[in-house]
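Chemist: In my numbering, the protein residues as written are 31 to 233.
Even for Gly, the Cβ is constructed at its ideal location relative to N, Cα and C.
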Amino acid sequence: MQFAVTFRHMEPTEALKAYAKERMERVRKYLPDPISCHVVLSTERHNHRIDVNFQLHNGLSVAGHETTENMYSSIDLCIAKIERQVRKYKGKLEGMKARPHHVQAMPWNHSIVSEAFHGLEETNGKPAPILPPDVNTPNPEFKVVKTEKFHAQPMSVSDAIVQLNLHHEPFLVFRRDSDGGVAVVYKREDGAYGLIETPTGAS
Numbered sequence: 031m032q033f034a035v036t037f038r039h040m041e042p043t044e045a046l047k048a049y050a051k052e053r054m055e056r057v058r059k060y061l062p063d064p065i066s067c068h069v070v071l072s073t074e075r076h077n078h079r080i081d082v083n084f085q086l087h088n089g090l091s092v093a094g095h096e097t098t099e100n101m102y103s104s105i106d107l108c109i110a111k112i113e114r115q116v117r118k119y120k121g122k123l124e125g126m127k128a129r130p131h132h133v134q135a136m137p138w139n140h141s142i143v144s145e146a147f148h149g150l151e152e153t154n155g156k157p158a159p160i161l162p163p164d165v166n167t168p169n170p171e172f173k174v175v176k177t178e179k180f181h182a183q184p185m186s187v188s189d190a191i192v193q194l195n196l197h198h199e200p201f202l203v204f205r206r207d208s209d210g211g212v213a214v215v216y217k218r219e220d221g222a223y224g225l226i227e228t229p230t231g232a233s
């Protein structure tokens, strides 16, 4: 397994790198032989964050992150969380085949947009004043705060649900391996999963 560590906003140390590598090796008990593991260690003020991504031979990936006031604790909590997930899906992961080659991944963007009402923003932690009914309410302003780029990988619905959980994300955009249609699977508040699909032949 290829292993790489990236240090951001902190002094790189061999001790942390060795500790992270030793902890990441623990997933071999549950995963098919991973192709690679990339660990990003970063600090901001008193927060010590770790982001981990395992790439598997079947095309799926396993991701996790954790933030505490101590980097060693962040590493331990993150790998423990990943272990719980991969142990849950161990049988499913072992039986998965490689992704189909006839359906190509499709790039897509995810943007975070904030809403603000000019002149009515909170000040000093206090809520914005309520205007009288005869005063026109200012139009809201929408601003893109952050944009990330991803690729919708081809997979079945069941594989997409597994990938969703292995990434600890609320939703996942993917392409159906049967016809290449774009779909979104997401977690519902009742614990079930929702599926949004485009019609066959649409993209």
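Less than 8 Å between the CB atoms is what I'm expecting for A110 and H198, so what's the real figure, rounded?
Modeler: Mapped onto the sequence shown, residue 110 falls at position 80. Mapped onto the sequence shown, residue 198 falls at position 168. No, A110 and H198 are not in contact; Cβ-Cβ is about 13 Å, not under 8 Å.
Chemist: Whole angstroms are fine: how far does the CA of P170 sit from the CA of E124?
Modeler: The residue given as residue 124 occupies position 94 in the sequence shown. The residue given as residue 170 occupies position 140 in the sequence shown. Cα-Cα distance, rounded: 50 Å.
Chemist: Tell me the DSSP secondary structure of S104 in three-state form.
Modeler: By 1-based counting over the sequence shown, the position of residue 104 is 74. Reduced to three states, the DSSP call for S104 is helix.
Chemist: Using only alpha-carbon positions, find the residue among P200, E227, M126, Y119 that is nearest to D209.
Modeler: Locating residue 209 in the sequence shown gives position 179, counting from the first residue. When each option's Cα is compared against that of D209, the closest is E227.
Chemist: Mind checking which residues open and close the alpha helix (DSSP H) that includes S72?
Modeler: Taking the first residue of the sequence shown as 1, we reach residue 72 at position 42. Counting along the chain, S72 falls outside any alpha helix (DSSP H), though it belongs to the beta strand (DSSP E) covering 66–74.
Chemist: Between the alpha carbons of S188 and E96, how many angstroms are there, rounded?
Modeler: In the sequence shown, the residue the question calls residue 188 occupies position 158. In the sequence shown, the residue the question calls residue 96 occupies position 66. If I take the Cα positions, the gap works out to 26 Å.
Chemist: Mind checking who Y216 pairs with in its DSSP beta bridge?
Modeler: In the sequence shown, counting from the first residue as 1, residue 216 sits at position 186. DSSP output for Y216 lists F201, G224 as bridge partner(s).
Chemist: What does the alpha-carbon distance come out to for the pair R205 and P229?
Modeler: Taking the sequence shown and counting its residues from 1, one reaches residue 205 at position 175. Taking the sequence shown and counting its residues from 1, one reaches residue 229 at position 199. Taking the straight line joining both Cα atoms gives about 12 Å.
Chemist: Please classify K76 as buried or exposed, where buried requires at least 16 neighbouring CB atoms within 10 angstroms.
Modeler: Sequence index remark: in the sequence shown, residue 76 carries index 46 (1-based). Correcting the residue type first, residue 76 is His in the shown sequence and not Lys. With fewer than 16 Cβ atoms within 10 Å of its Cβ, H76 is classed as exposed.
Chemist: Figure out for me which residue from P200, H132, G121, K173 has the closest Cα to the Cα of S144.
Modeler: As a first step, residue 144 must be located in the sequence shown, where it is residue number 114. Of the listed residues, the one whose Cα sits closest to S144 is K173.
Chemist: Could you give the C-beta distance for K179 and N139, rounded to a whole number, given that I count them as a contact under 8 Å?
Modeler: Taking the sequence shown and counting its residues from 1, one reaches residue 179 at position 149. Taking the sequence shown and counting its residues from 1, one reaches residue 139 at position 109. Confirmed, Cβ separation roughly 6 Å.
Chemist: Please list, in chain order, all residues of the same chain as M40 whose beta carbon is under 6 Å from its beta carbon, the five residues on each side excluded.
Modeler: Within the sequence shown, residue 40 is the residue found at index 10, counting from 1. Here the set comprises T73.
Chemist: Less than 7 Å between C-beta atoms, sequence neighbours within five positions excluded: which residues of the same chain meet that for T98?
Modeler: If you number the sequence shown from 1, residue 98 lands on position 68. Closer than 7 Å at Cβ, skipping near neighbours: H78, S104, L107.
Chemist: Is P184 buried or exposed, if buried means 16 or more other CB atoms sit within 10 Å of its CB?
Modeler: Here residue 184 refers to the residue found at position 154 when the sequence shown is read from its first residue. Looking at its Cβ environment, which holds 16 or more other Cβ atoms inside 10 Å, P184 is buried.
Chemist: Locate the beta strand (DSSP E) running through K59, then write down its first and last residues.
Modeler: Within the sequence shown, numbered from 1, the residue matching residue 59 stands at position 29. Here K59 belongs to no beta strand (DSSP E), and DSSP marks it neither H nor E.
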